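Working notes, structure below.
Chains as they are written, first to last, in the numbering used here: chain A, 1 to 411; chain B, 1001 to 1411.
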């Protein structure tokens, strides 16, 4: 069960019908491709299956990619870490051109047991290609070597320079559909290939996403419509906090931050538009950011996410420590219950302040619910983009820095 | 070398002198205790040394604490991970009442090789005490058992219920000074005890902090004064982004977020005041949040942090991959240089947009510079609090949730 309860009234508006109509147009157009990924997965899964059957015995899959090329797979992998097949290879993510992190990872794995997935939609991401070169030198394996194709594969656009490189040297290529942007690509090859190799039930992941797609486009559940209206209508209320209760959501938060910030921060003519994402982990950040939510400016909305039944649980022992009896809890309460009760109590205190608040409850953190959750936030992002009347799917602002960089250190 | 270069003009104001005077009053008063921690460490270090000499051979130190009781130690430990003594015990942090994370940690360590530090200033943090109880049951070791004091120690206020508990059962207590708040406590026992055990050069850490204290209060370097004025004077510009280039800053960012949000989000009479912190990691988040900074609302300041010389480095190999020649870099460039050049290029692109930007450069990420950096951000927080005319050191907003929780699950 996936439920999303809204604890706010939406501003009365005539925009609702218009928004349904706009999103339907986008959904039926060919310009935005992520909408259909949940039902397009069959061929991809088959392809992975056939290719995977021919692979050596591998223990490590190293994903070399950044932003949309890593965050989605990482989010799902962390969320389902306790659900994955026990004997599956371990996934590593090399996302940063930070020598400390790269060395640490490369020193902890052996070439024979490893597969490197170079993930870049354009095929020209500087950090990704540079890290790939470092890997080649570290393990002394180069394009043209007979075994090169055993150790490397690529995930990219069909026809990109990376795809051409792969073809030249006999590497397997998986393709991200051209009309699917990087940060919306987790349910394409960019996420599905590494996650399947890593022992995640990607069939169920896609099923969950398909269920969300159906609930929205077929059953016309309007919760997301209301949320997107609430987030975009009120001026000066432009920070959206995701308060996720469990350590397993840390990378999901990072995925959300990218999706939200890069999609919804845009110039519209001379105007600067944008919603600012903040990712928090409960209960930890009750001892951090919460104070600002409670007493600071009312420029924030808060979405609580919690899991009703965690895969594993522990009883909080009913023992009384002398002098600290104040902390004694009801007999039999578990850590997961305590975590959930903290989420509920904190949420009530936030609602009491009149802050725009809603609550997402997953009955279980499994592949199905992860898929639902991913697609749900993608939809919400698209809806907000339509309401803000911006291009949700490009990222023109990051090009200036790249140009300055290449002029200095490029050949 | 620690440098902080400001790339903005501050609004002309008469507040500068007033601010110097206010912070001097606070510094000389006895109400705020963190200012003197860098020069008060000698007795504490001696105490740790004597006590540590009598410890068994331990391989793991498990810090049980949340918020101010863990974030500071974790920030420094992560930043100096490649600098610590190689044979020192490993530090683990149990911060969340999440059963998945707790089980994973407890299953990976043995009692005989472990020491548990219960850290809570008040001594009554519910999650912390509950996790301590789970540890006791997991390892079957309880108060009153002869060996109990071998495995547990506490860090708390002198006279707190946790201190009384420790005295009753023969546990060592280290004290956080009463006038030092949790989020300003990393240079007190809360941070210094675990970090010293974890092989961090805490003498140098305190020296770095003392140098910052001296530069500010004795040499009257006014960079922080200017920054605090810029962050607080302009209405509607209330998001402060820390863009830290290197994976080693991830926990430092989390420490900053707590320090900033919990200190500067306050009600002043009926008014809601607050500055919102955002922590980013470069170069990764150039592919995420940067777009929003570049094209979104001008409600943000950005501070770039980078390290000139990383402990380890790798050459980006000067090899040309067919079809991807566009990514070829100048011969001999290293990963650390590429990381730094990315920071510089991104910073230039942000400055070009007219966004309030500054740059902190550490010549090296060692204990001295970590200490300087910590104290620097604490000072900046205090200055902003004075300018906003709020109580920087309390956190009244988080009590409501605690009350709701205890009414439901307390005994």
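Ideal Cβ placement from N, Cα and C applies to all residues, glycine included.
Only a predicted model underlies this, so the values are computations on that prediction, with no experimental measurement involved.
Pop quiz: residue i and residue j are said to be a contact at Cβ under 8 Å. What is the actual Cβ separation, rounded to whole angstroms?
i	j	result
residue 1095 of chain B	residue 1065 of chain B	7 Å
residue 251 of chain A	residue 104 of chain A	18 Å between Cβ atoms; not a contact.
residue 1385 of chain B	residue 1180 of chain B	Not a contact, Cβ separation roughly 15 Å.
residue 1135 of chain B	residue 1162 of chain B	With 8 Å as the limit, residue 1135 of chain B and residue 1162 of chain B do not qualify as a contact, their Cβ atoms being about 15 Å apart.
Hey, out of the options, whose CA is closest to residue i's CA?
i	options	result
residue 120 of chain A	A:90, A:368 and A:186	A:186
residue 1141 of chain B	B:1112, B:1162, B:1163 and B:1244	B:1112
residue 1309 of chain B	B:1341, B:1167 and B:1297	B:1341
residue 198 of chain A	A:404, A:83 and A:274	A:83
residue 1046 of chain B	B:1136, B:1063 and B:1189	B:1189
residue 395 of chain A	A:178, A:267 and A:212	A:267
residue 176 of chain A	A:326, A:399 and A:44	A:44
residue 2 of chain A	A:223, A:200, A:49 and A:108	A:223
residue 1006 of chain B	B:1217, B:1157, B:1231 and B:1058	B:1231
residue 397 of chain A	B:1287, B:1157 and B:1117	B:1287
residue 1248 of chain B	B:1156, B:1371 and B:1307	B:1307
residue 301 of chain A	A:273, A:55, A:347 and A:319	A:347
residue 39 of chain A	A:317, A:375 and A:206	A:206
residue 1058 of chain B	B:1091, B:1218, B:1303 and B:1102	B:1091
residue 109 of chain A	A:60, A:143, A:336 and A:97	A:60
residue 1212 of chain B	B:1285, B:1178, B:1323 and B:1035	B:1035
residue 412 of chain A	A:324, A:26, A:370 and A:174	This structure gives no information on residue 412 of chain A, because the portion of chain A shown stretches from 1 to 411.
residue 1100 of chain B	A:375, A:359, A:336 and A:225	A:336
residue 1311 of chain B	A:102, A:20, A:25 and A:18	A:102
residue 365 of chain A	A:323, A:305, A:8 and A:359	A:305
residue 8 of chain A	A:375, A:359 and A:369	A:359
Are the CB atoms of residue j and residue i within a distance shorter than 8 Å?
i	j	result
residue 1321 of chain B	residue 139 of chain A	no
residue 1242 of chain B	residue 1280 of chain B	yes
residue 330 of chain A	residue 1411 of chain B	yes
residue 291 of chain A	residue 1042 of chain B	no
residue 1229 of chain B	residue 1392 of chain B	no
residue 1171 of chain B	residue 1154 of chain B	yes
residue 264 of chain A	residue 400 of chain A	no
residue 344 of chain A	residue 298 of chain A	no
residue 1208 of chain B	residue 1367 of chain B	yes
residue 1130 of chain B	residue 214 of chain A	no
residue 1315 of chain B	residue 1296 of chain B	no
residue 200 of chain A	residue 80 of chain A	yes
residue 1098 of chain B	residue 246 of chain A	yes
residue 371 of chain A	residue 204 of chain A	yes
residue 1019 of chain B	residue 1225 of chain B	yes
Give me the Cα-Cα distance between residue i and residue j, rounded to the nearest whole angstrom.
i	j	result
residue 377 of chain A	residue 1160 of chain B	45 Å
residue 128 of chain A	residue 258 of chain A	18 Å
residue 334 of chain A	residue 1183 of chain B	28 Å
residue 389 of chain A	residue 1408 of chain B	45 Å
residue 77 of chain A	residue 1313 of chain B	29 Å
residue 1254 of chain B	residue 147 of chain A	43 Å
residue 294 of chain A	residue 373 of chain A	26 Å
residue 1351 of chain B	residue 1357 of chain B	6 Å
residue 158 of chain A	residue 1010 of chain B	50 Å
residue 1387 of chain B	residue 1379 of chain B	12 Å
residue 1289 of chain B	residue 1353 of chain B	15 Å
residue 997 of chain B	residue 1029 of chain B	Past the edges of chain B, shown from 1001 to 1411, lies residue 997 of chain B, and the structure says nothing about it.
residue 1133 of chain B	residue 1071 of chain B	21 Å
residue 1383 of chain B	residue 239 of chain A	25 Å
residue 150 of chain A	residue 54 of chain A	10 Å
residue 216 of chain A	residue 23 of chain A	11 Å
residue 404 of chain A	residue 1349 of chain B	8 Å
residue 86 of chain A	residue 317 of chain A	29 Å
residue 218 of chain A	residue 361 of chain A	22 Å
residue 1284 of chain B	residue 406 of chain A	17 Å
residue 67 of chain A	residue 1402 of chain B	37 Å
residue 325 of chain A	residue 1089 of chain B	32 Å
residue 269 of chain A	residue 49 of chain A	47 Å
### Task
For the stretch 1150-1194 of chain B, list the beta strand (DSSP E) runs that are entirely contained and at least 3 residues long, ordered along the chain.
Residue ranges of uninterrupted beta strand (DSSP E) with 3 or more members, entirely inside the stretch 1150-1194 of chain B and ordered along the chain, are 1152-1156 and 1172-1175.
### Task
Pick out the complete alpha helix (DSSP H) segments inside the stretch 1226-1278 of chain B, 4 residues or longer, and give them in chain order.
Those alpha helix (DSSP H) runs which fall completely within the stretch 1226-1278 of chain B and span 4+ residues are 1250-1264.
#### Entry: Ranges of the alpha helix (DSSP H) found wholly within the stretch 50-92 of chain A, counting only runs of at least 4
Within the stretch 50-92 of chain A, the alpha helix (DSSP H) runs of at least 4 residues that lie entirely inside it are, in chain order, 71-79.
### Message
Quick check for students: name the residue ranges of the beta strand (DSSP E) that lie wholly in the stretch 330-403 of chain A, counting only runs of 3 or more.
### Response
The beta strand (DSSP E) runs of length 3 or more contained entirely in the stretch 330-403 of chain A are, from start to end of the chain, 356-364.
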